[in-house]
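This is the structure in structure tokens:
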């Protein structure tokens, strides 16, 4: 599968993540469901993510390197990626609990532009017309 198709799949799944997160905190009256607090929603989301990660780890255990041989700095960056994802999720869920889903998602969804600028400044990303679009 090409990276472009995978990127569109990720985009679609992130959209579903936003919709489900919003529904968990303010379900439509027709469903007769009680809403979760933003913290409850984040905890359930984090727990589910952990289950997926553990399943991924267990099904690919034989192809993983010995943990002692993992590069320290790269592993540290992966830890920071996990921490910032979960902390960002907490703030995202808090914003969803009080703000309109469309506005919260549009603002939170602007992060790729920030990634592009940071990578361009750091010299890791070549700037061209296609990427600016």
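In the numbering used here, the protein residues as written are 5 to 137. Even glycine gets a Cβ: it sits at the ideal position worked out from N, Cα and C.
Residue environment, residue 17, which counts as buried when at least 16 other CB atoms sit within 10 Å: Burial state of residue 17 is exposed, judged by a 10 Å Cβ sphere holding fewer than 16 other Cβ atoms.
Under the assumption that residue 22 contacts residue 109 (Cβ atoms under 8 Å), give the Cβ distance between them as a whole number of angstroms. Cβ atoms of residue 22 and residue 109 come within 8 Å of each other, at about 5 Å.
Quick one: measure Cβ to Cβ for residue 93 and residue 46, integer angstroms, because I've assumed they're closer than 8 Å. The pair is a contact, with the Cβ atoms about 6 Å apart (cut-off 8 Å).
Out of curiosity, what's the CA-to-CA distance linking residue 43 and residue 98? In a straight line, the C-alpha of residue 43 is about 8 Å away from that of residue 98.
Residue 29, buried or exposed, once every other Cβ within 10 Å from all chains shown has been counted against 16: Around the beta carbon of residue 29, 16 or more other beta carbons lie within 10 angstroms, which makes this residue buried.
Three-state class that DSSP yields for residue 128 in the structure shown: In the three-state scheme derived from DSSP, where H, G and I count as helix and E and B as strand, residue 128 is classed as coil.
Below 7 Å between beta carbons: does that hold for residue 50 and residue 90? In this structure, residue 50 sits near residue 90, with a CB-CB distance shorter than 7 Å.
In whole angstroms, what is the alpha-carbon distance linking residue 120 and residue 129? Going by the C-alpha atoms only, they are around 7 Å apart.
What residue range is occupied by the uninterrupted alpha helix (DSSP H) comprising residue 98? Its alpha helix (DSSP H) spans residues 76–102.
Enumerated in chain order, which unbroken segments of the alpha helix (DSSP H) with a length of 4 residues or greater are wholly contained in the stretch 46–71? List check, alpha helix (DSSP H) in window: nothing returned.
Under a Cβ-count criterion, where at least 16 other Cβ atoms within 10 Å of its own Cβ denotes burial, should residue 40 be classed as buried or exposed? By the neighbour-count rule (16 or more Cβ atoms within 10 Å), residue 40 is buried.
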